[in-house]
Amino acid sequence: MSEKSITLTPSHKSLFWWYLLGIILIPLFGVGIYLIYRFYSSHNAISYRITDQSITAVDSNVEQKMDLANIQDVEISQKWIDRKFGLGLVTLRSDSNSIDLIGMENPQKLADTIMSAAKAERKRLADLKTQKSEPVKQSKPGRDDRIDYLTGLWQQGLISEEDYEKERKHFE
């Protein structure tokens, strides 16, 4: 089974205020151009890879991975300007850590999708566990199978005709 994955990146709309500040500060010895470049390049270094079984957040020097089955809660944080742009911070929480997905478009839809994927992964793992723990039931041979087996033994001379007749009466 091949693993499906998608890669998400933060929306550049989330840098609106930094871009605005950079434009305002351009006349001040080019500081604005540096700010725009700095935030643009650091923003492009962030990505989120979502697979069938895990979510990996990659920054320029840090990588965090969380299995979907371990996600307990998904929270959304939006400032008033984020709501205007349709953006938000999506925080994934497990028992041991959390991952922040910054600048995500349609955060509610993304959060709902992640929670349903987490539930599906937990169900899949539980089903696998029950399949492994169930002993393989071997069915008893049916009446006709046992008569055929008995007949085969008699025809090969492995049992006497008296034993064959005696055992065959048990099946009638």
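The sequence shown: position 78 = 73 (this note's numbering), numbered continuously. Glycine included, every Cβ here is placed at the ideal spot set by N, Cα and C.
Legend entry - Local conformation of L153 per DSSP, three classes: Looking up residue 153 in the sequence shown gives position 158. In this structure, L153 counts as coil in the three-state DSSP scheme.
Legend entry - Nonlocal neighbours in the same chain, by C-beta distance under 7 angstroms from G98, ignoring five residues either side: Here residue 98 corresponds to residue number 103 of the sequence shown, with the count starting at 1. Around G98: P5, S6, S9, L82.
Inset, instruction - Could you tell me which residues DSSP pairs with M110 in its beta bridges? - result: Here residue 110 is taken as the residue at index 115 of the sequence shown, counted from 1. None, per the DSSP bridge assignment.
Inset, instruction - Tell me whether Y144 is buried or exposed, calling it buried when 16 or more other Cβ atoms sit within 10 Å of its Cβ. - result: Counted from its first residue, the sequence shown places residue 144 at position 149. Exposed is the call here.
Inset, instruction - Have a look at N56, E58, D95 and flag the residue whose alpha-carbon is nearest the alpha-carbon of S72. - result: Taking the sequence shown and counting its residues from 1, the one referred to as residue 72 is at position 77. Out of N56, E58, D95, D95 has the C-alpha closest to the C-alpha of S72.
Legend entry - Paired residues, beta bridge with I45 - DSSP: Residue 45 sits at position 50 when you count from the first residue of the sequence shown. When beta bridges are read from the DSSP output, I45 appears opposite I1, I50.
Inset, instruction - Return the CA-CA distance between V53 and R44, expressed in angstroms with no decimal places. - result: On the sequence shown, position 58 is the one that residue 53 refers to. On the sequence shown, position 49 is the one that residue 44 refers to. Roughly 8 angstroms between the two C-alpha positions.
Legend entry - S172, DSSP secondary structure in three states: Look at the range of the chain in this structure, -4 to 167, and you will see that residue 172 is not part of it.
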